[in-house]
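Number of protein chains: 2
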Amino acid sequence: MRVAVFGATGLVGREMMRVLEERNFPVDELVPLASPRSEGKSVLFRGEAVEVHGVSGKAFEGVDLALFSAGGGPSREWAPVAAEAGAVVVDNSSAWRMAEEVPLVVPEINPEDLEKHRGIVANPNCSTIQTVVALAPLHRKAVLRSLVAVTFQSVAGTGSAALRELEESSRSVLDNSSWTPRIYPHPIGFNVLPHIGDFDDQGITQEEWKMMRESRKILHLPDLRVSCTATRVPVFRGHGVAVTAAFEKPLSPQEARNLLEAAPGVLVTDNPGENLYPLQGRVGGTDPVQVGRIRREPDFPNTLSFWVVGDNLRKGAALNAVQIGEALLERGLL
Amino acid sequence: MRVAVFGATGLVGREMMRVLEERNFPVDELVPLASPRSEGKSVLFRGEAVEVHGVSGKAFEGVDLALFSAGGGPSREWAPVAAEAGAVVVDNSSAWRMAEEVPLVVPEINPEDLEKHRGIVANPNCSTIQTVVALAPLHRKAVLRSLVAVTFQSVAGTGSAALRELEESSRSVLDNSSWTPRIYPHPIGFNVLPHIGDFDDQGITQEEWKMMRESRKILHLPDLRVSCTATRVPVFRGHGVAVTAAFEKPLSPQEARNLLEAAPGVLVTDNPGENLYPLQGRVGGTDPVQVGRIRREPDFPNTLSFWVVGDNLRKGAALNAVQIGEALLERGLL
Numbered sequence: 032m033r034v035a036v037f038g039a040t041g042l043v044g045r046e047m048m049r050v051l052e053e054r055n056f057p058v059d060e061l062v063p064l065a066s067p068r069s070e071g072k073s074v075l076f077r078g079e080a081v082e083v084h085g086v087s088g089k090a091f092e093g094v095d096l097a098l099f100s101a102g103g104g105p106s107r108e109w110a111p112v113a114a115e116a117g118a119v120v121v122d123n124s125s126a127w128r129m130a131e132e133v134p135l136v137v138p139e140i141n142p143e144d145l146e147k148h149r150g151i152v153a154n155p156n157c158s159t160i161q162t163v164v165a166l167a168p169l170h171r172k173a174v175l176r177s178l179v180a181v182t183f184q185s186v187a188g189t190g191s192a193a194l195r196e197l198e199e200s201s202r203s204v205l206d207n208s209s210w211t212p213r214i215y216p217h218p219i220g221f222n223v224l225p226h227i228g229d230f231d232d233q234g235i236t237q238e239e240w241k242m243m244r245e246s247r248k249i250l251h252l253p254d255l256r257v258s259c260t261a262t263r264v265p266v267f268r269g270h271g272v273a274v275t276a277a278f279e280k281p282l283s284p285q286e287a288r289n290l291l292e293a294a295p296g297v298l299v300t301d302n303p304g305e306n307l308y309p310l311q312g313r314v315g316g317t318d319p320v321q322v323g324r325i326r327r328e329p330d331f332p333n334t335l336s337f338w339v340v341g342d343n344l345r346k347g348a349a350l351n352a353v354q355i356g357e358a359l360l361e362r363g364l365l
Numbered sequence: 032m033r034v035a036v037f038g039a040t041g042l043v044g045r046e047m048m049r050v051l052e053e054r055n056f057p058v059d060e061l062v063p064l065a066s067p068r069s070e071g072k073s074v075l076f077r078g079e080a081v082e083v084h085g086v087s088g089k090a091f092e093g094v095d096l097a098l099f100s101a102g103g104g105p106s107r108e109w110a111p112v113a114a115e116a117g118a119v120v121v122d123n124s125s126a127w128r129m130a131e132e133v134p135l136v137v138p139e140i141n142p143e144d145l146e147k148h149r150g151i152v153a154n155p156n157c158s159t160i161q162t163v164v165a166l167a168p169l170h171r172k173a174v175l176r177s178l179v180a181v182t183f184q185s186v187a188g189t190g191s192a193a194l195r196e197l198e199e200s201s202r203s204v205l206d207n208s209s210w211t212p213r214i215y216p217h218p219i220g221f222n223v224l225p226h227i228g229d230f231d232d233q234g235i236t237q238e239e240w241k242m243m244r245e246s247r248k249i250l251h252l253p254d255l256r257v258s259c260t261a262t263r264v265p266v267f268r269g270h271g272v273a274v275t276a277a278f279e280k281p282l283s284p285q286e287a288r289n290l291l292e293a294a295p296g297v298l299v300t301d302n303p304g305e306n307l308y309p310l311q312g313r314v315g316g317t318d319p320v321q322v323g324r325i326r327r328e329p330d331f332p333n334t335l336s337f338w339v340v341g342d343n344l345r346k347g348a349a350l351n352a353v354q355i356g357e358a359l360l361e362r363g364l365l
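Residue numbers (our numbering), protein chains in the order written: chain H, 32 to 365; chain U, 32 to 365.
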């Protein structure tokens, strides 16, 4: 199988290649693609350097699976080209997620949606993925009605330059030296920015809309009520989400723990008496979405709160994309 | 007037003395008190060194106002002693806040509760203060029904040793060196801990109960439904709170902005198009509670979300305590 990775030099693209390797995805030929300015660079795959090519229509010829993580603009331009050339595109950008004909898939939740794909499958937003992975097993039992999600998102979601920016910004505070941000509108070191993506005219950010719209689409709950506040926190890698979820039926914290312990892709880390709860600082490089601090809300009927942590580069991006590839294979859709 | 500050060598105690100075509180004699181990230290007040004494029953003789910030245990022990000696105690700990006979006061909201004091007045929890300062003006207009608050609390709330801990923890990550936390159960540098205060057997923390119970008491809303997730973020000073609040009556974001702009102690910082919203990294040393990102929740009736930032050492502690002293004076209660 020929597998293209478009955005191969980015944080998520590199993670995609690592995940393909680790999971022994049946790659016969890897085709690393990037914008023309990365032409001639090379990436490591299975211990060998593979040359990166600039994206072009020709590059997708004979490609079976194309994992895209090159941003919304390039996805809008190149995903239809790749699909037309016969590849199935799994797109990590937000460009196609809400398109009616494009499945938006978390393989643990709605793999059946892959059946209707027409060449493009969308990988959901990072913080949305980890939130719905934790919610879906509870929803199946107790019927989810509404959701308040407050995200604590690491800088890795912005890309590799943001990792340097957090380091520089933090050092400037520690060393009391002057420094000017380039990536974020304000210094991110020892600060929290309640701002991810552009604001609409109602004052809601793109990132907040993603949580609202994508969770409805993935969970097949068009009437699910969602509130989201998305923030950027001074953490290198791994997102946290504080979730408060109301269900139609009662669900005890222990029932929720049992359901989550049996759920694929979830690790319950919930023993507060031993100071055990999910931590963003420890989740980098790991696959499962961790859920902890599961508790009943005393003032709200049938409502649980919990804390969800995931590696935004793995389950929030590269891992979920490769899992979509695996699910496509299993279903004979590739 | 003789004014005692018990906990004079701590972060909040020192801030209390600074606020007394800045606001020209009519202090004739300052009596700095601390635990016996700080006996013999001195603190600066109005440019002069004043000797710190170990706390004792005798120390409160002739004291008119005693500002306490020495922790719950010492407050439980010494507040009744000071009150018995004739002082009015304004206590920053959580020891007395929920006691029926003790007013829990934010002077912008419920100064009338001071009238019933019997020698002890409680200063509310830091994150609760900034949340209710933002909510009260909206409640008066639209009647608050329920509230989901997710806090982003800085380490200054833990005390001066936690400031060093955040610095050391952060440097250990940046320098890739080993380091063991002393104050928090996990490294706080580039991490988020969903854990402030002890857990009860339902998995709710003390800090979360404070938000639930104290906001009901301050706002005189015994039936207010409150959900809280309290987290510690790697920020030196200044707390953030993501608030989603449901009201009985409709309230537009612009009406909310107008109400908050007219409200005492509030600064509306809300121009997302210009990247203007409250930032924890900038709030240290300032008095007003800043509110921004005020928006309507599209899926929930009569519901607004917003982002509230305040200096936890000023309005969240020392400033509110001194303002209580001022309100006591104005009402002839001192």
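Just so it is clear, CB atoms sit at the ideal spot from N, CA and C, and this is done for glycine as well.
message: Below 8 Å on C-beta distance, what does Phe183 (chain H) contact in chain U?
response: Correct list: Phe183, Val223, Thr262 and Val264.
task: State yes or no: is the beta carbon of Pro165 (chain H) nearer than 8 Å to at least one beta carbon in chain U?
output: Looking at the sequence provided, one finds Ala at residue 165 (chain H) rather than Pro. Not an interface residue.
Per-residue contacts from Pro284 (chain H) into chain U (C-beta, under 9 Å): Neighbours of Pro284 (chain H) across chain U, judged by C-beta separation under 9 Å: Gln233 and Gly234.
query: Looking only at C-alpha atoms, which of U:His148, U:Gln184, U:Ser177 and U:Asn141 sits nearest to Val164 (chain U)?
result: Taking the Cα of Val164 (chain U) as reference, the smallest distance to any Cα among U:His148, U:Gln184, U:Ser177 and U:Asn141 is reached at U:Asn141.
field: Inter-residue Cα distance where the pair is Cys259 (chain U) and Leu64 (chain H)
entry: Approximately 45 Å, taken between the alpha carbons.
query: Heavy atom of the ligand SAM less than 7 Å from the Cβ of Val223 (chain U), yes or no?
result: For the ligand SAM, the structure offers nothing, since it holds no ligand at all.
message: Out of U:Leu224, U:Val314 and U:Lys241, which one is the CA nearest neighbour of Asp231 (chain U)?
response: Closest by alpha carbon: U:Lys241.
query: Is DSSP giving His217 (chain H) helix, strand or coil here?
result: Correct three-state label for His217 (chain H): coil.
message: Looking at the secondary structure, which residues open and close the beta strand (DSSP E) in which Val152 (chain U) lies?
response: First-last of the beta strand (DSSP E) with Val152 (chain U): Ile151 to Ala153.
field: Residue nearest to Gly315 (chain U) in terms of C-alpha spacing, selected from U:Lys346, U:Arg288, U:Leu307 and U:Gly269
entry: When each option's Cα is compared against that of Gly315 (chain U), the closest is U:Gly269.
message: Can you check which of these residues, U:Arg244, U:Ala261 and U:Val81, is closest to Val223 (chain U) by C-alpha distance?
response: With distances taken between Cα atoms, Val223 (chain U) lies closest to U:Ala261.
- prompt: For a contact meaning CB atoms closer than 7 Å, what does Asp342 (chain H) contact in chain U?
  reply: Near Asp342 (chain H) there are no residues of chain U at all, since even the closest Cβ is about 14 Å away, more than 7 Å.
task: Determine contact between the region 297-307 of chain U and the region 173-181 of chain U, defined as no fewer than three beta-carbon pairs at a distance below 8 Å.
output: Too few Cβ pairs lie closer than 8 Å, so no.
query: If you draw a straight line from the C-alpha of Glu198 (chain U) to the C-alpha of Leu205 (chain H), how long is it?
result: Glu198 (chain U) and Leu205 (chain H) have their C-alpha atoms some 7 Å from each other.
field: Whole-angstrom distance between Leu96 (chain U) and Phe368 (chain U), CA atom to CA atom
entry: No answer is possible for residue 368 (chain U): the residues shown for chain U start at 32 and end at 365.
task: Please classify Asp229 (chain H): is it buried, with 16 or more other beta-carbons within 10 angstroms of its beta-carbon, or exposed?
output: Flag for Asp229 (chain H) reads exposed.
field: Closest residue to Pro218 (chain H) among U:Gly188, U:Thr317, U:Asn306 and U:Val62 (Cα-Cα distance)
entry: From the listed residues U:Gly188, U:Thr317, U:Asn306 and U:Val62, the smallest Cα separation to Pro218 (chain H) is found for U:Asn306.
field: Alpha carbon of Arg327 (chain H) to alpha carbon of Asn123 (chain U), nearest angstrom
entry: If you take the alpha carbons of Arg327 (chain H) and Asn123 (chain U), they lie about 29 Å apart.
query: Can you give, in chain order, each stretch of the beta strand (DSSP E) that sits fully within the region 34-111 of chain U and has at least 3 residues?
result: List check, beta strand (DSSP E) in window: 60-65, 73-76, 79-82 and 96-99.
message: Can you tell me where the beta strand (DSSP E) holding Ser177 (chain H) begins and where it ends?
response: Ser177 (chain H) -> beta strand (DSSP E) spans Leu175 to Gln184.
- prompt: Quick one: is His251 (chain H) near chain U, going by C-beta distance under 8 Å?
  reply: Answer no: the Cβ-Cβ gap between His251 (chain H) and chain U never drops below 8 Å.
For Thr211 (chain H), the three-state DSSP class (helix, strand or coil): Note: Thr211 (chain H) maps to coil in three-state DSSP.
query: Could one say the Cβ of Phe331 (chain H) lies closer than 8 Å to chain U's Cβ atoms, at least one of them?
result: Judged by the 8 Å Cβ criterion, Phe331 (chain H) is in contact with chain U.
query: When the Cα atoms are used, what is the spatial distance from Thr334 (chain H) to Met243 (chain U)?
result: The straight-line gap from Cα to Cα measures roughly 15 Å.
- request: Kindly indicate the opening and closing residues of the beta strand (DSSP E) around Ala261 (chain U).
  value: Under the DSSP assignment, Ala261 (chain U) falls in the beta strand (DSSP E) whose first and last residues are Arg256 to Arg263.
message: Would Ser69 (chain H) and Glu82 (chain H) be called neighbours here (beta carbons separated by less than 8 Å)?
response: With contacts defined as CB atoms closer than 8 Å, Ser69 (chain H) and Glu82 (chain H) fail to qualify as a contacting pair.
task: Pair every Cβ in the region 279-296 of chain U with every Cβ in the region 353-361 of chain H, then say whether three or more of these pairs are closer than 8 Å.
output: Result no; under three Cβ-Cβ pairs closer than 8 Å.
message: Check this for me: beta carbons of Val181 (chain U) and Glu196 (chain U), under 8 Å apart or not?
response: Cβ atoms of Val181 (chain U) and Glu196 (chain U): not closer than 8 Å.
query: Can you name the residues of chain U whose CB is closer than 7 Å to the CB of Thr275 (chain H)?
result: Neighbours of Thr275 (chain H) on chain U, chain order: Val179 and Ser258.
query: Asp342 (chain U): buried (16+ other C-beta within 10 angstroms of its C-beta) or exposed?
result: Asp342 (chain U) should be labelled buried.
Which listed residue (H:Pro295, H:Arg313 and H:Leu98) has its alpha carbon closest to that of Asn154 (chain H): It is H:Leu98.
query: Beta-carbon separation of Val339 (chain H) and Val274 (chain H) under 8 Å?
result: Contact check for Val339 (chain H) against Val274 (chain H) passes: the beta carbons are separated by less than 8 Å.
message: Can you tell me whether Asp144 (chain U) is helix, strand or coil according to DSSP?
response: Helix, per DSSP.
field: Burial state of His226 (chain H), where buried means 16 or more other Cβ atoms lie within 10 Å
entry: Result: buried.
task: May I ask you to report which of helix, strand or coil DSSP gives Gly312 (chain U)?
output: Note: Gly312 (chain U) maps to helix in three-state DSSP.
task: Return the Cβ separation of Gly150 (chain U) and Ala101 (chain U) in integer angstroms, given the expectation that the two are a contact with Cβ distance under 8 Å.
output: No, Gly150 (chain U) and Ala101 (chain U) are not in contact; Cβ-Cβ is about 17 Å, not under 8 Å.
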